Amino acid sequence: MQSQCFPDPWGPDGVARTASLSGTFGLIVRVTAAGKRVATGFTLARVVADEAELLTIGVLPAWRGQGLAGRLLGAVLTRAVALGATRMLLEVAEDNAAARALYGRRDFVIVGRRPGYYRRSPQTAIDALILRWSKPADTEFNLRTLT
Numbered sequence: 195m196q197s198q199c200f201p202d203p204w205g206p207d208g209v210a211r212t213a214s215l216s217g218t219f220g221l222i223v224r225v226t227a228a229g230k231r232v233a234t235g236f237t238l239a240r241v242v243a244d245e246a247e248l249l250t251i252g253v254l255p256a257w258r259g260q261g262l263a264g265r266l267l268g269a270v271l272t273r274a275v276a277l278g279a280t281r282m283l284l285e286v287a288e289d290n291a292a293a294r295a296l297y298g299r300r301d302f303v304i305v306g307r308r309p310g311y312y313r314r315s316p317q318t319a320i321d322a323l324i325l326r327w328s329k330p331a332d333t334e335f336n337l338r339t340l341t
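Per my numbering, the sequence shown starts with residue 195, numbered consecutively.
Here's what the structure looks like:
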């Protein structure tokens, strides 16, 4: 599925290696289409102590714009908090406006930059923005508000 979502996918070995890291979990979003359950999006994240990292998130192109990435992100935040995370980090290409808008709606903030991190071609590199989400300090924080 990752190869259908990204121009430079990790490949099966890369996904398997990442999924085998300690503390890593994955989620898949499925919808019913033409009477069949179809996988339309996925995510891999990792929790170590009180920090989570969103490693990858993707929705198949035909299913974008329907709120599935938002549902996935809410579910991964909920799972990470349940596993003890109080914050989540991720990297996003500076030119990925749709992803940046998604993360902004979930209160992720820019905390750093990796110059030239994403290669678009041998001559073109795009900076990665490092974003962080922090669990609200409110003791009444309700995980259901994330999904």
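Note that CB positions come from ideal geometry on N, CA and C, so glycine has one too. For clarity, every value in this text was computed on a predicted model and none was experimentally measured.
Q. Can you tell me the Cα-Cα spacing of T297 and R231, whole angstroms?
A. Going by the sequence as given, residue 297 is Tyr instead of Thr. Rounded to whole angstroms, Y297 to R231 spans 27 Å at the Cα level.
Q. Cβ atoms of L221 and A292: under 7 Å apart, would you say?
A. no
Q: Run through the segment 218 to 303 for me and flag every whole beta strand (DSSP E) of 3 or more residues, listed as ranges in chain order.
A: Qualifying beta strand (DSSP E) stretches, in chain order: 218 to 227, 230 to 242, 245 to 253, 281 to 287.
Q) Taking the continuous beta strand (DSSP E) assigned at A321, which residues delimit it? A) For clarity, residue 321 is Asp in the given sequence; the question names Ala instead. Per DSSP, D321 belongs to the beta strand (DSSP E) from 318 to 328.
Q: Give the straight-line distance between the Cα atoms of V225 and T234, rounded to the nearest whole angstrom.
A: 7 Å
Q: With a 10 Å radius around its C-beta and 16 neighbouring C-beta atoms as the bar for buried, classify L215 as buried or exposed.
A: Burial is judged here by how many other beta carbons sit within 10 angstroms of a residue's own beta carbon; L215 has fewer than 16 and is exposed.
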